[in-house]
Amino acid sequence: MLAVLRLFFYGLCCHYTARAGGRRHHHIGAWSRFQWHLAVHLAVVRSLLQATKGYELMWPTDPDEFESHVKAPASQSHEDAWYFLSVDGQMVCAAEHGVPRPVSRDDLRWMDMDLGDEHFLGIYRGRSCFALEGKGQIPEGYAADNLFSWLGRVEPPLFYLAGRAQQVIDWHNSHRFCGRCGTATADHDADRAKVCPECSLVCYPRIAPSIIVLVTREDEMLLARNANWPNGMFSTLAGFVEVGESIEQTVHREVAEEVGIQLGGLRYLGSQSWPFPNSLMLGFHAEYAGGDIVCQQSEIAEARWFKVDDLPNIPPATAISRWLIDDFIDQVNARRA
Ligand SMILES: [Zn+2]
Numbered sequence: 076m077l078a079v080l081r082l083f084f085y086g087l088c089c090h091y092t093a094r095a096g097g098r099r100h101h102h103i104g105a106w107s108r109f110q111w112h113l114a115v116h117l118a119v120v121r122s123l124l125q126a127t128k129g130y131e132l133m134w135p136t137d138p139d140e141f142e143s144h145v146k147a148p149a150s151q152s153h154e155d156a157w158y159f160l161s162v163d164g165q166m167v168c169a170a171e172h173g174v175p176r177p178v179s180r181d182d183l184r185w186m187d188m189d190l191g192d193e194h195f196l197g198i199y200r201g202r203s204c205f206a207l208e209g210k211g212q213i214p215e216g217y218a219a220d221n222l223f224s225w226l227g228r229v230e231p232p233l234f235y236l237a238g239r240a241q242q243v244i245d246w247h248n249s250h251r252f253c254g255r256c257g258t259a260t261a262d263h264d265a266d267r268a269k270v271c272p273e274c275s276l277v278c279y280p281r282i283a284p285s286i287i288v289l290v291t292r293e294d295e296m297l298l299a300r301n302a303n304w305p306n307g308m309f310s311t312l313a314g315f316v317e318v319g320e321s322i323e324q325t326v327h328r329e330v331a332e333e334v335g336i337q338l339g340g341l342r343y344l345g346s347q348s349w350p351f352p353n354s355l356m357l358g359f360h361a362e363y364a365g366g367d368i369v370c371q372q373s374e375i376a377e378a379r380w381f382k383v384d385d386l387p388n389i390p391p392a393t394a395i396s397r398w399l400i401d402d403f404i405d406q407v408n409a410r411r412a
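Residue numbers 76 to 412, in the numbering used here, belong to the letters of the sequence shown in order.
Listed below in structure tokens is the structure:
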């Protein structure tokens, strides 16, 4: 439906830009007019592609023009740097045409805030990126939003960078002292890590891996509803990896625990960093192999098989659960074609 609306909008854009171009440029030659129309069409097609591919449907397995560095290369200028500024766990941002963007170096010069340590994250499209924590009042003209509100409103690499910044700040704040002997830690020389000068314990930022799986049976998919989710939304099954488990074992265990069925044919599709607060979601498709649905009462309110053309309310296109669902719908449609 969204795609249809976009095409309709694109049609309108073409119609009106062509008309406007025709009127405004009636004094110029046919060749120039053709070039002008071509430029407008290309610009609209580019923004359309960004809107469909860039903002919503990109799997984070695609490269994203970000170079990770713990320390800035000596040649790197910070004049146009972006600061992912966190205040009380919220991202401070300026708005550009209604779209949040990180605080610039210039913005920062005018802000009257207590600022913590800068953490260099790396370089995005040539621009230095820092994580930074601030304390105090958010200056007028800026907004402090929770990270979740950036999802789907900014280009995906920017959302993941903001998530990276928040996780680095949280980790920095919770590892000021050694967890083993209590001595104040120091930054590692080369890695993003904290080192204890007393007992040599090294601590890296912690990531919590979890699995997310779409179970399928012929042309149907198994979706479940958590009692706490909004609007009766159904989604894929998910759960955290336990120590000592392989990722594949987690998939089998979680599905058996949550809905009581057995699986075969596991297939890994991709992953999504999910910084709420520090997950990495590893996405699978799995085939039903046996058992009847028995819901784990503490977690699952309802679980059912759904046909691809009769789906309930499902997650938005910004979440890996939706990409797993959409991928399966594409497979079924391809089989039917
Ligand atoms: Zn120690």
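Each residue gets a CB set at the ideal place from its N, CA and C atoms; glycine is no exception.
Any non-hydrogen atom of ligand 1 closer than 7 Å to residue i Cβ
i, result
"residue 278", "no"
"residue 251", "no"
"residue 328", "no"
"residue 168", "no"
"residue 154", "no"
"residue 273", "yes"
"residue 256", "yes"
Status (buried if at least 16 other CB within 10 Å, exposed otherwise) for residue i
i, result
"residue 292", "exposed"
"residue 239", "buried"
"residue 363", "buried"
"residue 302", "exposed"
"residue 394", "buried"
"residue 177", "buried"
"residue 215", "exposed"
"residue 396", "buried"
"residue 235", "buried"
"residue 182", "buried"
"residue 305", "exposed"
"residue 310", "buried"
"residue 347", "buried"
"residue 205", "buried"
"residue 324", "exposed"
Inter-residue CB distance, residue i and residue j (contact presumed, cutoff 8 Å)
i, j, result
"residue 399", "residue 358", "5 Å"
"residue 286", "residue 336", "Wrong, their Cβ atoms sit about 15 Å apart, outside the cutoff."
"residue 360", "residue 315", "Actually they do not touch by this definition, with Cβ atoms about 20 Å apart."
"residue 174", "residue 229", "6 Å"
Coarse secondary structure for residue i, derived from DSSP in three states
i, result
"residue 395", "helix"
"residue 339", "strand"
"residue 286", "strand"
"residue 147", "coil"
"residue 445", "In the structure as shown, the chain begins at 76 and stops at 412. Residue 445 is therefore absent and cannot be evaluated."
"residue 175", "strand"
"residue 291", "strand"
"residue 255", "coil"
"residue 368", "coil"
"residue 208", "strand"
"residue 266", "coil"
"residue 331", "helix"
"residue 226", "coil"
Close beta carbons around residue i, own chain, < 8 Å, minus the five adjacent residues each side
i, result
"residue 209", "160, 161, 162, 167, 186, 188, 189, 190, 191"
"residue 351", "222, 223"
Close Cβ partners of residue i (< 7 Å) along its chain, the five nearest in sequence each way excluded
i, result
"residue 202", "155, 156, 157"
"residue 381", "295, 296, 298, 387"
"residue 146", "195"
"residue 151", "198, 203"
"residue 200", "140"
"residue 117", "For residue 117, the predicted structure reports a pLDDT of 41, less than 50, and the residue's modelled location is therefore unreliable. A value from the coordinates is still provided. Taken in chain order, the list of residues that qualify is empty."
Close beta carbons around residue i, own chain, < 6 Å, minus the five adjacent residues each side
i, result
"residue 142", "197, 198"
"residue 227", "393"
"residue 130", "Below a pLDDT of 50, predicted positions are generally treated as unreliable, and residue 130, at 46, falls in that range; the measurement from the model is reported next regardless. So no residue of the chain qualifies."
"residue 255", "274, 276"
"residue 378", "299, 334, 368, 370"
Contact with chain C by residue i, beta-carbon distance below 8 Å
i, result
"residue 172", "No chain C appears in the structure shown, which is made up of a single protein chain."
Cβ-heavy atom distance, residue i to ligand 3, below 7 Å
i, result
"residue 360", "In the structure on display, ligand 3 does not appear, and the ligands it does have are ligand 1."
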